[in-house]
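In this note's numbering, the protein residues as written are 32 to 710. The structure appears right after this line, and notes come after that.
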Amino acid sequence: MSSRSSRRRTSPTPYRRTAAAALVGVAALVAAAVQSGAASAAPSSAAAAARPGAESVRLTPAQRAELIRQADAAKATTARELGLGAQEALVVRDVVKDADGTVHTRYERTYAGLPVLGGDLVVDTAKSGDTRGVVKATRATIKVASLTPAVPADQARKQALRLAADAGADSADAGRAPRKVVWAANGTPVLAYETVVGGLQEDGTPNELHVITDAATGKKLFAYQGIETGTGNTMYSGTVTLGTSQSGSTYTLTDTARGNHKTYNLNRGTSGTGTLFSGPDDVWGNGSASNAETAGADAHYGAALTWDYYKNVHGRSGIRGDGVGAYSRVHYGNNYVNAFWSDSCFCMTYGDGSGNTHPLTAIDVAGHEMTHGVTSNTAGLNYSGESGGLNEATSDIFGTSVEFYANNASDVGDYLIGEKIDINGNGTPLRYMDKPSKDGASKDSWYSGIGSVDVHYSSGPANHFFYLLSEGSGAKVINGVSYNSPTSDGLPVTGIGRAKAEKIWFRALSTKFTSTTNYAGARTGTLAAAGELYGTSSAEYKAVQDAWAAVAVGARSGGGGGGGTTFENTADVSIPDNGAAVTSSITVSGRTGNAPSNLQVAVDIVHTWRGDLVVDLVAPDGTAYRLKSFSSSDSADNVQATYTVDASSEVANGTWALRVQDQAAQDTGYINSWSLTFP
Numbered sequence: 032m033s034s035r036s037s038r039r040r041t042s043p044t045p046y047r048r049t050a051a052a053a054l055v056g057v058a059a060l061v062a063a064a065v066q067s068g069a070a071s072a073a074p075s076s077a078a079a080a081a082r083p084g085a086e087s088v089r090l091t092p093a094q095r096a097e098l099i100r101q102a103d104a105a106k107a108t109t110a111r112e113l114g115l116g117a118q119e120a121l122v123v124r125d126v127v128k129d130a131d132g133t134v135h136t137r138y139e140r141t142y143a144g145l146p147v148l149g150g151d152l153v154v155d156t157a158k159s160g161d162t163r164g165v166v167k168a169t170r171a172t173i174k175v176a177s178l179t180p181a182v183p184a185d186q187a188r189k190q191a192l193r194l195a196a197d198a199g200a201d202s203a204d205a206g207r208a209p210r211k212v213v214w215a216a217n218g219t220p221v222l223a224y225e226t227v228v229g230g231l232q233e234d235g236t237p238n239e240l241h242v243i244t245d246a247a248t249g250k251k252l253f254a255y256q257g258i259e260t261g262t263g264n265t266m267y268s269g270t271v272t273l274g275t276s277q278s279g280s281t282y283t284l285t286d287t288a289r290g291n292h293k294t295y296n297l298n299r300g301t302s303g304t305g306t307l308f309s310g311p312d313d314v315w316g317n318g319s320a321s322n323a324e325t326a327g328a329d330a331h332y333g334a335a336l337t338w339d340y341y342k343n344v345h346g347r348s349g350i351r352g353d354g355v356g357a358y359s360r361v362h363y364g365n366n367y368v369n370a371f372w373s374d375s376c377f378c379m380t381y382g383d384g385s386g387n388t389h390p391l392t393a394i395d396v397a398g399h400e401m402t403h404g405v406t407s408n409t410a411g412l413n414y415s416g417e418s419g420g421l422n423e424a425t426s427d428i429f430g431t432s433v434e435f436y437a438n439n440a441s442d443v444g445d446y447l448i449g450e451k452i453d454i455n456g457n458g459t460p461l462r463y464m465d466k467p468s469k470d471g472a473s474k475d476s477w478y479s480g481i482g483s484v485d486v487h488y489s490s491g492p493a494n495h496f497f498y499l500l501s502e503g504s505g506a507k508v509i510n511g512v513s514y515n516s517p518t519s520d521g522l523p524v525t526g527i528g529r530a531k532a533e534k535i536w537f538r539a540l541s542t543k544f545t546s547t548t549n550y551a552g553a554r555t556g557t558l559a560a561a562g563e564l565y566g567t568s569s570a571e572y573k574a575v576q577d578a579w580a581a582v583a584v585g586a587r588s589g590g591g592g593g594g595g596t597t598f599e600n601t602a603d604v605s606i607p608d609n610g611a612a613v614t615s616s617i618t619v620s621g622r623t624g625n626a627p628s629n630l631q632v633a634v635d636i637v638h639t640w641r642g643d644l645v646v647d648l649v650a651p652d653g654t655a656y657r658l659k660s661f662s663s664s665d666s667a668d669n670v671q672a673t674y675t676v677d678a679s680s681e682v683a684n685g686t687w688a689l690r691v692q693d694q695a696a697q698d699t700g701y702i703n704s705w706s707l708t709f710p
């Protein structure tokens, strides 16, 4: 708060153009529409009305490379248009293109040449070249007080080693020196160190513990694990066709049709690639765990299915989208009861289970592990807190989807995770999507402390959401498996089918989620995806609302006619000091009839003195409704309020605008966001 006589000045905000995880636990868009009611945080982006051609197209590696080249060539211009500071720069990471020509470009960010962890963002650009909107992992201004650390790097290294030792790590090693970064994943950005500790975790899984240390105070800011755990005669899938290659009289498990994916035998080792499976014939394994080739056949088959699923269903060519295959390693360690994905080797690794009798190479496990790689190369969800739970859930969701896609009679599709590998020793699956709590540890619904739960169990609400969205609530039998899915509010959910649910989740993952997305943000992102694919008044959009509400994230859809919908614009618009009025627009569609007599207008304006601001809501026909007038006696900062407007004489559909004018000198600010809620 500040008085008029002592008001402070801030720099004006530039105008922004709008238009590694284990399978087992061991311890803002323009004219966007979202359902009201967030969980722990307000939604940061949302959906527009259905957009013909919104579904992503399949890009060849060459087409993807060209789009990345174009984005890289224009990244300096893009940074300026986004209003980034002089010391900030963008690094292109991924690109998705829709059938209508819209391009979603994902960027990392640097500050003074340092990586900004939690500074990632997605820019949506229409075919015309206009920017549709931006989704950011953080909305904080990237700036640090000093680029000179107050604590030495060795202090950060020792802290990271202590944390690894406390977690039971064996032979903990921080051979690579801590690197300076800007930590922006939560709160105010600070200069920090990132230290990566190697060695082995307590259960034998490779260790890749990332520890973020405040470079000014030495305080630990964050820590996460970089290892993300998760004709052949297979053990789980029967006799199948495998992609192999031949050189002379020797065959190898090298799939030339799928990016040259290779499968290796570690032969109980825990490092390196081991030996590429090879032999004099093109027959692999005998269906028994005692034959080393059997696990290789299962892993190779699962990798092929996962490649085909992402390519044929979502148009993604390989984990990175670049047509390059990862590789698989089987027979890791001795009696190792786990499987994991590692970004550092770009590979999946599988243990042989208790007694070395149940290799963790089932179809859904392979899909789970490879999906960790997809997540790492798209949203990059932090593997800790709520984003970590969403990371794990994403792997369960698409591991399950791959299993259904396989349509294999020996391993039919179901909503059970790891049901074939008997990891519990009693024939029960590892996790249940219809009622996650059946495993004894996972959570059925969201609650405020879920971010402190192990990511394998905080994944429960998202898994439950996906099941409800796909199949609906209540008792049913699918492929011979009985389910009975409850809801947190006791109300039923009608499913839309797994195929649509998969499309919605993948679109959200690849174009809406960022590294810091939490459950509230996941709700926002999936609503955005559903709105673009099917429209904000569609049954699919309402089902997303209802399925999230059924796991205690947000509110229900509220009946017919598109009721209970909020349309939001979160793009920043600079307000000139004592200058012309500026506007921020929202396009409302999918409504019927006139706007309500109690239209809710939520306004969030950041400003150093709000007394000199005049704020209007402008209807599609140009009629202005005064929300806030000039007042020299109003000494507060910012405008953060919800206004009720009788707009019953206005047609609901059309372009609405928030108009803001600064009518006195010396104070500056910007429109942070605003929304229209139709009760």
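Note that the Cβ used here is the ideal one computed from N, Cα and C, for glycine as well.
Span of the beta strand (DSSP E), counted from its first residue to its last, around Glu139: Val134 to Tyr142
On a CA-only basis, which of Gly300, Tyr295, Asp313 and Trp315 is nearest Thr306? Give me that one, please. Residue Tyr295 holds the alpha-carbon nearest to the alpha-carbon of Thr306 among Gly300, Tyr295, Asp313 and Trp315.
For Asn455 and Leu461, I'd like the C-alpha separation in whole angstroms. 7 Å
Which of helix, strand or coil does DSSP assign to Tyr565? helix
May I ask which residues mark the beginning and end of the beta strand (DSSP E) holding Tyr13? Shown here, the chain extends from 32 to 710; a query on residue 13 therefore has no answer.
In angstroms with no decimal places, state the Cα-to-Cα distance between Gly480 and Tyr550. The straight-line gap separating the alpha-carbon atoms of Gly480 and Tyr550 is approximately 12 Å.
State buried or exposed for Glu681, treating a residue as buried only when at least 16 other CB atoms are found within 10 Å of its CB. Residue burial is scored here from C-beta neighbours: Glu681 has at least 16 other C-beta atoms within 10 angstroms and is therefore classed as buried.
Does DSSP put Gln186 in a helix, in a strand, or in coil? helix
If you drop the 5 nearest sequence neighbours on each side, which residues of the same chain put their C-beta closer than 7 Å to that of Leu252? Trp214, Ala223, Ile243, Thr244 and Asp245
Top-ranked residue by Cα proximity to Gly249, from Gln232, Thr265, Ala117 and Gln186: Gln186
Through-space distance from Asp693 to Gly585, alpha-carbon basis: Whole-angstrom Cα-Cα distance: 35 Å.
Taking the beta carbon of Ser268 as the centre, do at least 16 other beta carbons fall within 10 Å, making it buried, or is it exposed? buried
contact_flag[the stretch 363 to 381, the stretch 299 to 316] where n(CB pairs < 8 Å) is 3 or more: yes
If we call anything under 8 Å between Cβ atoms a contact, is Asp577 one with Val524? yes
Collapsed DSSP secondary structure at Arg40 in the structure displayed: In this predicted model, Arg40 has a pLDDT of only 25, less than 50, meaning its place in the structure is not dependable enough to derive any value.
Whole angstroms are fine: how far does the CA of Ser385 sit from the CA of Tyr255? 27 Å
At 4 residues or longer, what runs of the alpha helix (DSSP H) sit wholly inside the stretch 634 to 673? none
Can you list, in chain order, the residues of its chain with a C-beta nearer than 6 Å to that of Thr686? Leave out the 5 residues immediately preceding and following it. Ser616, Thr618 and Pro651
Sorted by chain position, which residues of the same chain lie with C-beta nearer than 6 Å to Lys573's C-beta, five sequence neighbours on each side aside? Here the set comprises Ser588.
I'd like to know whether the C-beta atoms of Arg121 and Ala110 end up nearer to each other than 8 Å. With the sequence shown as reference, residue 121 is identified as Leu, and Arg is not the correct amino acid for it. Annotated as proximal: Leu121 and Ala110, with beta-carbon spacing under 8 Å.
With a threshold of 6 Å on Cβ separation, who are the neighbours of Gln118 within its own chain once the five nearest residues in sequence on each side are excluded? Setting aside the 5 residues that flank it on each side, Gln118 is surrounded in the same chain by Tyr142 and Ala143, each with a C-beta closer than 6 Å to its C-beta; the list follows chain order.
Since Asp155 and Thr545 are thought to touch, with beta carbons under 8 Å apart, how far apart are those beta carbons, to the nearest angstrom? Rounded, the Cβ-Cβ distance is 13 Å, inconsistent with contact.
Rounded separation between Trp338 and Ala397 - CA only: 10 Å
For Ser490 and Ala530, I'd like the C-alpha separation in whole angstroms. Cα-Cα distance, rounded: 21 Å.
Same chain, Cβ closer than 6 Å to Arg210, five either side skipped, listed in chain order: Glu225
Name, in chain order, the residues that DSSP records as bridge partners for Glu225. Arg210 and Ile243
Outcome for Asn494 when other beta-carbon atoms lying within 10 angstroms are tallied against a minimum of 16: buried
So who's on the other strand from Ser119, going by DSSP bridges? The identity of residue 119 in the sequence shown is Glu, whereas the question assumes Ser. Tyr142, per the DSSP bridge assignment.
Following the continuous alpha helix (DSSP H) through Asp577, name the residue where it begins and the one where it ends. Residue range Ala570 to Ala580 is occupied by the alpha helix (DSSP H) that includes Asp577.
Quick one: grab the DSSP three-state call for Asn422. helix
Cutting at 7 Å between CB atoms, please list the residues of its own chain near Ala202, excluding the five before and the five after it. Checking the displayed sequence, the identity of residue 202 turns out to be Ser instead of Ala. Excluding sequence neighbours, Ser202 sits near Gly230 and Leu231.
With 16 other Cβ atoms within 10 Å as the buried cut-off, status of Asp698: buried
Three CB pairs or more closer than 8 Å across the stretch 348 to 360 and the stretch 441 to 451: no
Glu599 in three-state terms, based on DSSP: Looking at Glu599 - three-state DSSP - the assignment turns out to be strand.
What separation, rounded to the nearest whole angstrom, lies between the Cα atoms of Gly700 and Pro607? 8 Å
Taking only heavy atoms of the ligand ADP into account, decide whether any of them is closer than 7 Å to the Cβ of Tyr267. The ligand ADP is absent from the structure shown, which contains no ligands of any kind.
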